[in-house]
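Structure first, then comments.
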Amino acid sequence: MALLGAPGADCALQVCAMIDVTNGRQRGGRGEVEEERRKWRGGRGEEEEERRKRRGGRNVAVMDKKKKKKKKKKKKKKKKKKKKKKKKKKTMTKNTTKKTKKETNKKTKKKMEKKTRKKKKKKKTTKTIVTTKKKTTNTNKKIKMKRNLKKKNT
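FYI, the numbering for the sequence shown is 86 to 239, going by our numbering.
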């Protein structure tokens with residue numbers, strides 16, 4: 086470190102060389118330092134050189150990083166509402182004999198009567214109870230009046 090204080094251009098060059106070595110760079114190429122670095126990485130030196138030759142001297146580390154594919158979010162499927170099935174009208178089977186109009190009319194009449202009966206049974210007449218409001222005494226007002234009178238008297 087005594088070289089720092091000495092005058093002259095040669096001295097300054099020597100100091101620069103020392104500083105460069107400490108930063109991991111040697112004058113006249115980076116060969117030795119690069120080899121050491123490769124050893125630390127785990128002996129991948131030869132493979133990297135081959136890759137560099139293929140890629141035209143570009144930085145291998147940056148090129149080799151594969152771009153991570155973004156995972157697409159799965160869209161939640163909307164549950165479809167089940168449609169209510171319409172009741173199919175019962176079709177007449179081939180074996181049944183055709184009924185006359187009078188017979189069918191009688192049946193429909195009976196059905197209608199049954200429906201009306203059921204409705205009548207269901208409806209029960211309820212008596213409406215009329216409630217009358219009780220007349221409330223104005224007790225609160227009376228109490229207030231008494232208080233006021235007492236205040237006036239005193």
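C-beta: ideal position from N, C-alpha, C; glycine also.
Around lysine 231, the same chain offers no residue with a beta carbon nearer than 8 Å, after the five sequence neighbours per side are excluded. DSSP, read as helix, strand or coil, puts lysine 226 in helix. Look at lysine 199 here: in three-state DSSP terms it is helix.
Residues of the same chain with their beta carbon placed closer than 6 Å to that of isoleucine 228 are lacking, with the five preceding and five following residues left out of the count. For the pair lysine 192 and lysine 169, the Cα-to-Cα distance works out to about 30 Å.
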